[in-house]
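Structure first, commentary second.
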Amino acid sequence: MVLPEGFVLPPWYLLVPILVVLGGVLALLWELEPPVTDRTVVAFVPWMMFGSTLHVLYRTGAYPENIEVLFTSPGVYLITAIIAGFAWIVGIFLYEGGLQPTIERVVGVTGTGFFAVFAMLAIGRSLGAGTFEPFWPVIAVVVSGIVTALAWLALGLWFTDVAATTGATGALVVFGHTLDGISTAIGYDVLGASEEVPVSRMILEAGTALPTADYIGGGWLFVLVKVLLALVILGLFKEYVEEEPRQARTVLALIAAIGLGPGVHNTLLFVVG
Numbered sequence: 003m004v005l006p007e008g009f010v011l012p013p014w015y016l017l018v019p020i021l022v023v024l025g026g027v028l029a030l031l032w033e034l035e036p037p038v039t040d041r042t043v044v045a046f047v048p049w050m051m052f053g054s055t056l057h058v059l060y061r062t063g064a065y066p067e068n069i070e071v072l073f074t075s076p077g078v079y080l081i082t083a084i085i086a087g088f089a090w091i092v093g094i095f096l097y098e099g100g101l102q103p104t105i106e107r108v109v110g111v112t113g114t115g116f117f118a119v120f121a122m123l124a125i126g127r128s129l130g131a132g133t134f135e136p137f138w139p140v141i142a143v144v145v146s147g148i149v150t151a152l153a154w155l156a157l158g159l160w161f162t163d164v165a166a167t168t169g170a171t172g173a174l175v176v177f178g179h180t181l182d183g184i185s186t187a188i189g190y191d192v193l194g195a196s197e198e199v200p201v202s203r204m205i206l207e208a209g210t211a212l213p214t215a216d217y218i219g220g221g222w223l224f225v226l227v228k229v230l231l232a233l234v235i236l237g238l239f240k241e242y243v244e245e246e247p248r249q250a251r252t253v254l255a256l257i258a259a260i261g262l263g264p265g266v267h268n269t270l271l272f273v274v275g
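Position one of the sequence shown corresponds to residue 3 (our numbering), numbered consecutively onward.
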């Protein structure tokens, strides 16, 4: 009821080394104790998008059969976390050595580079196959931006302290889950895509069962649930951010990734057909 369709763990001889390396990266980061601010969270946005791009390439059959299992869910998230963690560690050492002005610059620039290269690879493959369709993905991104702005404005008007405390991290949480909701709704109502996550599928089916489905489709309910859930989470995290900002922003970054990752995945997958 919770795990999405296509959830496949890599075989043990691949999974064990991945977990060992990931554990080492996390242990070193724990020891280094890098600061986690709004700038840090924003710097990791390209890495969230990079992980989605790797999975899109898997969905389009871009990898050799002997390694493609690494880029299924959840293997792709583990691989992305390892690479992003290494970039963070390198950024810390370069900053402490006086070779870079900020840690975030290293993280953001490398993440942008990785995402751009692999996204262009996916788009190039789709152009070659004649499946490049950018219209609805562009609509999804634009509408997500508008809805996020309206939701953030409402939060700022009625819960000013929540918006001010969570800052850019909070805005990213709202945008990520809004993009996931709207891209899923477009895929479900317009493009005829199926939903792999059982809970999400139940919400979409509930929306389809409402009388409004004949006029505006069934995906609007999923969008509403995603946006409201993001805003509620920010409200619950307000005190946590004030008391333990480093830990709270780390958790909020993960929550943002849970929305932004699937949202970018949907959007790019629709682009490449």
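Where a beta carbon is used, it is the ideal one built from N, C-alpha and C, also for glycine.
- Counting C-beta pairs with one atom in each stretch, the stretch 9-20 and the stretch 48-56 have fewer than three that are closer than 8 Å, which means they do not touch.
- The stretch 217-229 and the stretch 174-190 touch, with three or more beta-carbon pairs separated by less than 8 Å.
- Unbroken beta strand (DSSP E) runs of no fewer than 3 residues, entirely contained in the stretch 33-92, are not found.
- In the structure shown, the three-state DSSP call for F9 is strand.
- When C-alpha distances from V192 are compared across W222, V164, L157 and T167, the shortest belongs to W222.
- When the beta-carbon positions are compared, E135 and G275 come within less than 8 Å of each other.
- Per DSSP, the unbroken alpha helix (DSSP H) holding T150 starts and ends at F137 to W160.
- In this structure, DSSP gives S196 a state outside helix and strand, which the three-state scheme calls coil.
- In terms of Cα proximity to I260, the closest of A232, Y60 and V58 is A232.
- Here A170 is exposed. Its C-beta has fewer than 16 other C-beta atoms within 10 Å.
- C-alpha of P37 to C-alpha of G263: approximately 23 Å in a straight line.
- The closest CA to that of A173, considering only L28, R41, W32 and Y190, is found on R41.
- The stretch 239-256 makes contact with the stretch 159-169: 3 or more CB pairs, one atom from each, lie closer than 8 Å.
- Take the alpha-carbon of T133 and the one of A187: they are about 21 Å apart.
- Annotated three-state conformation of T252 is helix, per DSSP.
- In chain order, L80, A83, I84 and G87 place their CB closer than 8 Å to the CB of L24, counting only its own chain and leaving out the 5 sequence neighbours on each side.
- Using a Cβ distance threshold of 8 Å, L206 and E197 count as a contacting pair.
- If you ignore the 5 residues before and after G158, its C-beta comes within less than 6 Å of the C-beta of A165, all in its own chain and listed in chain order.
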